[in-house]
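Residue numbers (the working numbering), protein chains in the order written: chain R, 934 to 1143; chain H, 13 to 597.
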Amino acid sequence: MSEAEFEGIVESRWSGGASPFAINSKKLGMWLFIVSDSLTFSALLISYAYVRLETPNWPRPFEIWPAIAKSSFMTFVLLSSSLTMVLGVNAAFKGDRKKTVRYLIATIIFGIAFVLIHATEWVTLFGEGVTPWGNPWGVPLFGGTFFGLTGLHMLHVTIGVAYLAIIAWGFGKGKYTAEHVEVSGLYWHFVDLVWMFIFPMVYLLSVNPK
Amino acid sequence: MSSHAHTGHAVVVEPSGFIRKYIFSIDHKVIGIQYFLLALTAVCVGIVLSLLMRFHLVYPGAHLPLVSGGIMTPEQYLALVTMHGTIMVFFVLTTAPQGGFGNYFLPIQIGAPDMAFPRLNMLSFWVTFLAFVAIIAAFVVPGGAPISGWTGYTPLSGMGEVTGPGEGMGQTLWIVSISLFCLASLLGALNFIATTIDLRAPGMTLFRMPLTVWGWFVTAILGLLAFGVLLAGGILLLLDRSAGTSFFLPAGLVVNDQLQPHSGGSPLLWQHLFWFFGHPEVYIAILPGMGVASHVLSTFSRKPVFGYRAMAMALCAIGFLGFMVWGHHMFLSGMSPYSGFAFSVLTMSIGVPSAIKTFNWIGTLWGGKIQFKSPMLFALGFVSLFVSGGLSGLFLAQPAVDNMLHATYYVVAHFHLVMGVAAIFGIFSATYFWFPKMFGRMMSEPLAKIHFWFTFVGAYCIFMPMHFVGLAGGIRRYADATGTTYAGVLQPVHMFMTYAAFITGAAQLIFLFNFFWSLKHGAIAGKNPWNATTLEWITDSPPPIDNFGGDYPSVYRGPYEFSVPGYRQDFIPQNLTPEQAALLK
């Protein structure tokens, strides 16, 4: 493609009167939100890396059984929810309302399951004396980073569950379009993707070496 | 003309109730005015705080009526420093140019009926309002306002009441306020970006956008990327204070003879997170002003902007480089000389796009038929202050020089001129320029000119001597330096600055009077009082609810077609078709 041709395409797409990306503004807005939110999570993950690298005796307390098994199962649940979300978006664009709502409900159930399993994990850790301000292994920040990162992520999942519930309800009633479902899917996949960073960085890097 | 491009916005009905129309409005114009009035309230508070500081610096032993105990304590002085900085940076310099004028004029200048997400826009404003309520509340809670500066440096800000009055509830409210502000601003930024990308009128290519729109667009991108990071910092700081974590608090801290129960954290981490946001933030404050200055200089020189594309690209370059230089705020905090060198070179490289802008502003003026109207005076003032304040930035960008000057008034003088007063001049220019469009009436020109000369001369009288106080070793943040010989001899200079500050502060009453008087009694403005070219001037003053009365414009030319040879009229509006324009030959 010559430079003139390229400029011609850019000019025509960006010459106003329509979205240059040929998508609706809601979708663009969600992408922009994801950019911003990923910076928030990046800042938290970088802070975690920063304090962890500064601390020579960072604890690695997670045993393969049950901690890592449990978090792997949580990962599996969250990935499954992404699969049902994809199927839901697909059904929505095919115009199958009933199927869409069913897939969305499945996604919501997986999401709630993730939060519940996560909550039991938190309760177990509290029982072992792991809190944001202390733990049996001596580096208090271990608990701070753990609960900070997973807590913010859990908040995102919880908001996502509520968001999907509204979308499922509205789509079932015919209030929302397939685009609404797709945009909510973007958010859901993003929350999933964040977990794909948290799981290795917080759990797998802290497996007990023994 | 075509309105097909704006499906989904086809019918805009004016809401009837007072609350939907003026309080919880989703009309970007009402929201813009709400942001502007919020900033106006905030700036009044901010100025009063700064005058109290100036007063205390020259009369440290004076009895003040509202201060408990009569004489201001050092902690109370630091609370003034903190609240002045926070209110001015967040609720004035960020709120007025972007939230206020950006909200009002970005959609109109690109020919759109509203922002892309009107409801989100309303949410952004009201969350900003909540943030403002939270920061003001910090004055009245037990212990009073926080004392850790607008940068909220840890460990001071992370430990609670033990580190001083104001570090209890006041500091917590500060963090809550800033976090809310981050949330509101990143939602607002997202809205601005989506609007600029998606809602431009047919024919409004990127390089036909007014430079004001470029300014708001680049600012929004900075906001989207920067506020998310400060939000993360705010969350961690809040955890440190309320959940007992130690992200920013190292082991072995002893405060008031008590060993603090923290370990493992790093105060430097907070500085990195804060300044990764904080440096882009200064461009968030100044870029809209640069857009306004370019726009106004062109309009009142009756000449196109010199090097329009270079101006747009320079805005982008400044925005891009703005993310790479946060370390220059931390030269004193301890840093590898290699990082210091890299940050130093990158910082000085911002001088290149800044010089391009200044050169082009002068190029725009060169040979123009200059009309010294009040918006023009303030735009010229903007250029002057930006250059005066910017030059000292090149000195401070060098670690060796900065190490000597960083804790002195030199830095205070530098950033007040370049981002504080210059940005305020941008806001004033925008106010005088767009007031006729927003309210349908002209502001008084003689009063505006008196206001300009007092403010312009006053600003230099306050901040130019401050450089010399800094060079002579006057340390900033000290509540009372009269006791030392080396700083005590600087008191006469401080006295001069304080008098200048009070006179300049009083001169702002002229502006307030002019603003509110003109709302009712100004001359009727008409559609296009300045003979300007961009789309906001083809619609009524004030614009109808859908901005163009259903007749959405198409765009056929660039934004600054002034004094085109061969035409009888010295301006050609952007929406004139070639045939319509030919009639003006």
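Glycine included, C-beta positions come from ideal geometry on N, C-alpha and C.
Interface flag, residue i vs chain R, CB-CB below 9 Å
i                      : result
residue 255 of chain H : yes
residue 325 of chain H : no
residue 456 of chain H : no
residue 273 of chain H : yes
residue 245 of chain H : yes
residue 214 of chain H : yes
residue 40 of chain H  : no
residue 569 of chain H : no
residue 199 of chain H : yes
residue 175 of chain H : no
residue 225 of chain H : no
residue 462 of chain H : no
Test: residue i CB closer than 9 Å to a CB of chain H
i                       : result
residue 983 of chain R  : yes
residue 1080 of chain R : yes
residue 1043 of chain R : no
residue 1058 of chain R : no
residue 1133 of chain R : no
residue 974 of chain R  : yes
residue 1130 of chain R : no
Residues near residue i in its chain [Cβ-Cβ closer than 6 Å; skip 5 each side]
i                       : result
residue 544 of chain H  : 311
residue 1050 of chain R : 1007
residue 560 of chain H  : 551
residue 447 of chain H  : 455
residue 421 of chain H  : 478, 481, 482, 486, 488
residue 59 of chain H   : 517
residue 445 of chain H  : 308, 387
residue 229 of chain H  : 208
residue 96 of chain H   : 58, 61, 62
residue 1074 of chain R : 984
Nearest residue (CA-CA) to residue i, options the options
i                       : options                        : result
residue 1062 of chain R : R/998, R/1009, R/1076, R/1132  : R/1076
residue 327 of chain H  : H/234, H/252, H/430            : H/234
residue 243 of chain H  : R/952, R/1095, R/975           : R/975
residue 1112 of chain R : R/953, R/1042, R/949, R/962    : R/962
residue 45 of chain H   : H/120, H/108, H/30             : H/108
residue 978 of chain R  : R/1108, R/1129, R/1031, R/1140 : R/1129
residue 381 of chain H  : H/54, H/583, H/470, H/37       : H/583
residue 365 of chain H  : H/536, H/334, H/163, H/384     : H/334
residue 83 of chain H   : H/471, H/221, H/569, H/72      : H/72
residue 474 of chain H  : H/491, H/99, H/506             : H/506
residue 443 of chain H  : H/36, H/33, H/51, H/26         : H/51
residue 970 of chain R  : H/419, H/592, H/249, H/241     : H/241
residue 349 of chain H  : H/320, H/384, H/411            : H/411
residue 53 of chain H   : H/114, H/69, H/144             : H/144
Close-in-space but distant-in-sequence residues of the same chain around residue i (CB under 8 Å, 5 per side omitted)
i                       : result
residue 580 of chain H  : 596, 597
residue 1100 of chain R : 1037, 1109, 1113, 1114, 1117
Nearest-angstrom Cβ-Cβ length linking residue i and residue j, presumed shorter than 8 Å
i                       : j                       : result
residue 123 of chain H  : residue 187 of chain H  : Residue 123 of chain H to residue 187 of chain H, Cβ: 41 Å. No contact.
residue 1214 of chain R : residue 1135 of chain R : One cannot answer for residue 1214 of chain R here, as it falls past the ends of chain R, which runs 934 to 1143.
residue 255 of chain H  : residue 1065 of chain R : 4 Å
residue 510 of chain H  : residue 66 of chain H   : 4 Å
residue 1007 of chain R : residue 1047 of chain R : 6 Å
residue 259 of chain H  : residue 251 of chain H  : 7 Å
residue 126 of chain H  : residue 39 of chain H   : 7 Å
residue 272 of chain H  : residue 342 of chain H  : 23 Å between Cβ atoms; not a contact.
residue 249 of chain H  : residue 166 of chain H  : 7 Å
residue 68 of chain H   : residue 491 of chain H  : 7 Å
Other residues of its chain near residue i: CB distance less than 7 Å, five sequence neighbours each side excluded
i                       : result
residue 651 of chain H  : Shown here, chain H extends from 13 to 597; a query on residue 651 of chain H therefore has no answer.
residue 578 of chain H  : 597
residue 1036 of chain R : 1017, 1020, 1021, 1024
residue 938 of chain R  : none
residue 336 of chain H  : 358
residue 413 of chain H  : 407
residue 222 of chain H  : 121, 307, 546, 571
residue 173 of chain H  : 155, 179, 180
Closer than 8 Å: residue i CB and nearest the ligand MN heavy atom
i                       : result
residue 1083 of chain R : In the structure on display, the ligand MN does not appear, and there are no ligands present to speak of.
The segment 154–161 of chain H / the segment 134–141 of chain H touching (three or more Cβ pairs under 8 Å): no
Touch test, the segment 454–470 of chain H against the segment 509–528 of chain H, Cβ-Cβ under 8 Å, three pairs minimum: yes
Inter-stretch contact at 8 Å, needing at least 3 Cβ pairs: the segment 206–220 of chain H / the segment 175–189 of chain H: no
Cβ contact check for the segment 46–53 of chain H and the segment 100–117 of chain H: 3 or more pairs under 8 Å: The segment 46–53 of chain H vs the segment 100–117 of chain H: in contact.
Three-pair Cβ contact test at 8 Å for the segment 156–169 of chain H versus the segment 81–96 of chain H: yes
Three-pair Cβ contact test at 8 Å for the segment 282–293 of chain H versus the segment 195–207 of chain H: A contact is defined here as three or more CB-CB pairs under 8 Å, and the segment 282–293 of chain H fails this definition with respect to the segment 195–207 of chain H.
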